[in-house]
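S.K.:
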Amino acid sequence: MQYQKILNAIAFEASKTENRGVVASYIPELSNIDDGKFGIALLDEHGDFFASGDTEESFSIQSISKVLTLSLAFKLIGDDLWERVDVEPSGDPFNHLSLLEHENGIPRNPLINAGALVVADILVSHLRHPKQEFLEYIRKIAGDTSIDYDLKVAGSEKKTGFKNYAAAYLIKSYGNLENDVEDVLDFYFHQCALSMSCHQLVKVFYMFANRGKCLEHNPYLTLAQVKRINAIMLTCGFYDEAGEFAFEVGLPGKSGVGGGIVALLPEKFCVATWSPGLNLKGNSKLGMEALEKLTTKTGLSIF
Ligand code: GLN
35 MQYQKILNAI
45 AFEASKTENR
55 GVVASYIPEL
65 SNIDDGKFGI
75 ALLDEHGDFF
85 ASGDTEESFS
95 IQSISKVLTL
105 SLAFKLIGDD
115 LWERVDVEPS
125 GDPFNHLSLL
135 EHENGIPRNP
145 LINAGALVVA
155 DILVSHLRHP
165 KQEFLEYIRK
175 IAGDTSIDYD
185 LKVAGSEKKT
195 GFKNYAAAYL
205 IKSYGNLEND
215 VEDVLDFYFH
225 QCALSMSCHQ
235 LVKVFYMFAN
245 RGKCLEHNPY
255 LTLAQVKRIN
265 AIMLTCGFYD
275 EAGEFAFEVG
285 LPGKSGVGGG
295 IVALLPEKFC
305 VATWSPGLNL
315 KGNSKLGMEA
325 LEKLTTKTGL
335 SIF
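Okay, so the sequence shown: first residue is 35 according to my numbering, each after it adds one.
Here is the structure:
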């Protein structure tokens, strides 16, 4: 497979695209990003790395982190997790609250904000130093100690994350949050503020394409766990655009409002894109277009 040629062609087409979407501004610190950035990086099943564009530059991974906290919580408490969060697509934007009230504080899935808050609560309950231990988990999987939180982004979201406060209090009112709302949100705002490059993202997400093993072949998740998390990424990874992503791209994946997307084809490759401009559903506009081209040009998808 000529991945390098294909990635170069995709990056070239992206550089010529005028409508690049709109950079998220509801978290003030995110609005400073240059919307001209574009990167695409891929790790194949042999561990060979291919990249084109701005793939070494770090950005705020935001909701992509929800898959990583989910994986750690699943490791820690196993199937008990599913008593506190469901696995159905919500069909709603990432920060909607209405279903939460209809469904008694059990979030639809772990990849919308409400579900990620319950997962964050589990980590706050089970880890002695949640922020530090989560960061170490990510660094170890990637084999990269330079990965860190962007404290400015975390602080910026803490000041303006009113909807997340509302969701957390609503969940708490139904008895589905064990810890103080402040502690859970502090952890959540930090996980979202993880700063990583496309290169680092493919190294961490490689385990979801490699039956639970990282690039060095150390096991982090069981195959059964990986299959479940990949299923959730496919059905819930793009909020109310999950159907469109499966339709156009055909890979499990996850987006973030920082403009990143990670996607994978089990036992074949893991790919990450970054372009800060978002479409109306809050997913990277050029990132989605790039991944559609990747699966079209390679003829590879889960279908
Ligand atoms: N931190 C963001 C929020 O909670 C994450 C949203 C996202 O990336 N979709 O609003």
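All C-beta atoms, glycine included, are put in the ideal place defined by N, C-alpha and C.
May I ask which residues mark the beginning and end of the alpha helix (DSSP H) holding residue 281?
M.R.: 276 to 282 is the extent of the alpha helix (DSSP H) around residue 281.
S.K.: Restricting to runs no shorter than 4 residues, where is the alpha helix (DSSP H) found entirely within the region 137 to 169?
M.R.: Those alpha helix (DSSP H) runs which fall completely within the region 137 to 169 and span 4+ residues are 147 to 160.
S.K.: Among 118, 109, 101, which residue has its Cα nearest to the Cα of residue 256?
M.R.: That would be 109, whose Cα lies nearest to the Cα of residue 256.
S.K.: Assuming residue 64 and residue 94 are in contact, meaning their beta carbons sit under 8 Å apart, how far apart are those beta carbons, in whole angstroms?
M.R.: Indeed they touch by this definition, with Cβ atoms about 6 Å apart.
S.K.: Per the DSSP calculation, residue 310 is bridged to which residue(s)?
M.R.: None, per the DSSP bridge assignment.
S.K.: Could you have a look at residue 128 and say whether DSSP puts it in helix, strand or coil?
M.R.: DSSP places residue 128 in coil when its eight states are reduced to three.
S.K.: Which whole runs of the alpha helix (DSSP H) in the region 158 to 233 are 4 residues long or more, in chain order?
M.R.: Segments of the alpha helix (DSSP H) lying fully in the region 158 to 233: 164 to 176, 185 to 194, 196 to 207, 215 to 226.
S.K.: Hey, residue 273 and residue 127 are a contact pair by Cβ (cut 8 Å); roughly how many whole angstroms apart?
M.R.: Indeed they touch by this definition, with Cβ atoms about 6 Å apart.
S.K.: Is it the case that the CB of residue 290 approaches a heavy atom of ligand 1 more closely than 6 Å?
M.R.: Because some heavy atom of ligand 1 lies under 6 Å away, the Cβ of residue 290 counts as near it: yes.
S.K.: For ligand 1, is there a heavy atom less than 6 Å away from the beta-carbon of residue 226?
M.R.: Yes, the Cβ of residue 226 comes within 6 Å of a heavy atom of ligand 1.
S.K.: Run through the DSSP bridge pairs and tell me what residue 327 is partnered with.
M.R.: None, per the DSSP bridge assignment.
S.K.: Buried or exposed for residue 271, please, with buried defined as at least 16 other CB atoms from any protein chain shown within 10 angstroms of its CB.
M.R.: Buried, because 16 or more other Cβ atoms sit within 10 Å of the Cβ of residue 271.
S.K.: Measure the beta-carbon distance from residue 246 to residue 260 and round it to whole angstroms, keeping in mind my assumption that it falls under 8 Å.
M.R.: Going by Cβ atoms, the distance from residue 246 to residue 260 rounds to 5 Å, so yes, they are a contact pair.
S.K.: Note down the Cα distance separating residue 310 from residue 114, rounded to an integer number of angstroms.
M.R.: C-alpha separation (whole angstroms): 36 Å.
S.K.: For residue 300, name the three-state secondary structure that DSSP assigns.
M.R.: Coil at residue 300, not helix or strand.
S.K.: Apart from the five residues on each side of it in sequence, which residues of its chain come closer than 8 Å, Cβ to Cβ, to residue 213?
M.R.: These residues qualify, in order along the chain: 155, 158, 159.
S.K.: Indicate the three-state DSSP secondary structure (helix, strand or coil) for residue 85 in the structure shown.
M.R.: Note: residue 85 maps to strand in three-state DSSP.
S.K.: When you compare each of 204, 179, 319 to residue 230 by their alpha carbons, which one comes out closest?
M.R.: It is 179 whose Cα lies nearest to the Cα of residue 230.
S.K.: Contact defined as beta carbons within less than 8 Å: I believe residue 72 pairs with residue 320. What is the distance between those atoms, to the nearest angstrom?
M.R.: Correct: roughly 6 Å between the Cβ atoms.
S.K.: Would residue 240 be called buried (16 or more neighbouring beta carbons within 10 Å of its own) or exposed?
M.R.: The residue in question, residue 240, is buried, as its Cβ has 16 or more Cβ neighbours within 10 Å.
S.K.: Which class does residue 255 belong to by DSSP, given the choice of helix, strand or coil?
M.R.: Three-state result, residue 255: coil.
S.K.: In terms of residues, what are the limits of the beta strand (DSSP E) holding residue 76?
M.R.: Its beta strand (DSSP E) spans residues 73 to 78.
S.K.: So is residue 289 buried or exposed if we call it buried at 16+ other beta carbons inside 10 Å?
M.R.: When all chains shown are included, residue 289 counts as buried.
S.K.: Please confirm whether residue 306 and residue 232 have their CB atoms less than 7 Å apart.
M.R.: Yes.
S.K.: For ligand 1, I want to know if residue 363 counts as a neighbour, meaning its beta carbon is within less than 6 Å of at least one of the ligand's heavy atoms.
M.R.: The requested residue 363 does not occur in the structure, where the chain is confined to residues 35 to 337.
S.K.: Restricting to Cα atoms, I'd like to know which of 183, 313, 218 is closest to residue 275.
M.R.: Closest by alpha carbon: 313.
S.K.: When the Cα of residue 79 is compared with those of 254, 122, 248, 138, which residue comes out closest?
M.R.: Taking only the C-alpha atoms, the option nearest residue 79 is 248.
S.K.: Could you check how far apart the C-beta atoms of residue 139 and residue 207 are, in whole angstroms? I think they sit under 8 Å.
M.R.: At roughly 7 Å, the Cβ-Cβ gap stays under 8 Å, so residue 139 and residue 207 are in contact.
S.K.: Which stretch, first to last residue, makes up the alpha helix (DSSP H) that contains residue 49?
M.R.: It spans 37 to 49 - the alpha helix (DSSP H) in which residue 49 sits, taken as one unbroken run.
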